[in-house]
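Here the numbering used here is used: the first residue of the sequence shown is 1, the next is one more, and so on. Heads up, the beta-carbon is just placed ideally off N, CA and C, and yes, glycines get one too.
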Amino acid sequence: LETVALRGTSGPGTNLSAFRSVPLSTDFLGLGRVMTGSVRVGVLGPLSVEVDGRAHEAPRAEVVRGLLGVLLLAGREPLSVERLIPLVWDDRAGHTRPASVHVAVTRLRSRLDEAGLAAELRRDGCGYRLAHEFDLDLDRVSEHGAAEEPAADRCLRLAAALARYRGPVLADVVRLGRS
Numbered sequence: 001l002e003t004v005a006l007r008g009t010s011g012p013g014t015n016l017s018a019f020r021s022v023p024l025s026t027d028f029l030g031l032g033r034v035m036t037g038s039v040r041v042g043v044l045g046p047l048s049v050e051v052d053g054r055a056h057e058a059p060r061a062e063v064v065r066g067l068l069g070v071l072l073l074a075g076r077e078p079l080s081v082e083r084l085i086p087l088v089w090d091d092r093a094g095h096t097r098p099a100s101v102h103v104a105v106t107r108l109r110s111r112l113d114e115a116g117l118a119a120e121l122r123r124d125g126c127g128y129r130l131a132h133e134f135d136l137d138l139d140r141v142s143e144h145g146a147a148e149e150p151a152a153d154r155c156l157r158l159a160a161a162l163a164r165y166r167g168p169v170l171a172d173v174v175r176l177g178r179s
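Structure (structure tokens):
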């Protein structure tokens, strides 16, 4: 599987720094309890969510899971409804109407609210973007240190970021359009 390129081409040489980061927060179990603490979200491998070091279940529904994944990869940039359809619905894109995107957005918002996550799925022009404060693994890999940061510190920071790599981007999001 190749990296999903939301702003250009994809391939084995895709530069991950082209993707801006997006952080998520709290419990995806849908139990309605508000979770506080450190929220880590992983997209470098299967979609994962941890709160205070404990794994929490990410959305199970294929479309909601895919929508969350692509919005995380897009960073703070909005994705148009026309772009979301081939990314999230992939082989069903030709039969998917914009109303389906709006329904999926409503379902994702509901999951985020039920889980008490500090994230907001916002309408932005003709698209959507996810505003959050999660510790996203992709952000750690792509963040640049200060110019005056010692080389040894940069190496340690990058090694810690790479330790969060668990496989191909969003490996468990099956229908995700890889174009």
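Can you tell me the Cβ-Cβ gap for residue i and residue j, rounded? I've got them flagged as a contact below 8 Å.
| i | j | result |
| --- | --- | --- |
| Arg164 | Asp137 | 4 Å |
| Leu121 | Leu108 | 6 Å |
| Gly167 | Pro46 | 7 Å |
Output the distance between the C-alpha atoms of residue i and residue j, rounded to the nearest integer angstrom.
| i | j | result |
| --- | --- | --- |
| Glu57 | Val169 | 18 Å |
| Glu77 | Val141 | 18 Å |
| Leu162 | Val43 | 12 Å |
| Asp99 | Glu133 | Note that residue 99 is Ala in the sequence shown here, rather than Asp. Approximately 28 Å between the Cα atoms of the pair. |
| Ala160 | Leu73 | 20 Å |
| Asp139 | Leu79 | 18 Å |
| Cys155 | Asp52 | 25 Å |
| Asp153 | Ser48 | 27 Å |
| Pro86 | Arg92 | 8 Å |
| Leu67 | Trp89 | 9 Å |
| Glu62 | Leu130 | 18 Å |
| Asp135 | Glu149 | 21 Å |
Which residues bound the alpha helix (DSSP H) around residue i?
| i | result |
| --- | --- |
| Glu133 | Element bounds for Glu133: n/a, residue is neither H nor E. |
| Arg107 | Pro98 to Ala115 |
| Gly42 | Where Gly42 is concerned, there is no enclosing alpha helix (DSSP H), although the beta strand (DSSP E) it sits in stretches over Val39 to Gly42. |
| Val88 | Val81 to Trp89 |
| Ala159 | Ala151 to Leu162 |
| Arg65 | Glu62 to Ala74 |
Can you name the start and end residues of the beta strand (DSSP E) that residue i belongs to?
| i | result |
| --- | --- |
| Ala55 | Arg54 to His56 |
| Leu176 | Per DSSP, Leu176 belongs to no beta strand (DSSP E) and is neither H nor E. |
To which residues does DSSP link residue i through a beta bridge?
| i | result |
| --- | --- |
| Tyr128 | Leu79 and Arg123 |
| Ser48 | Gly42 |
| Val169 | Leu44 and Gly45 |
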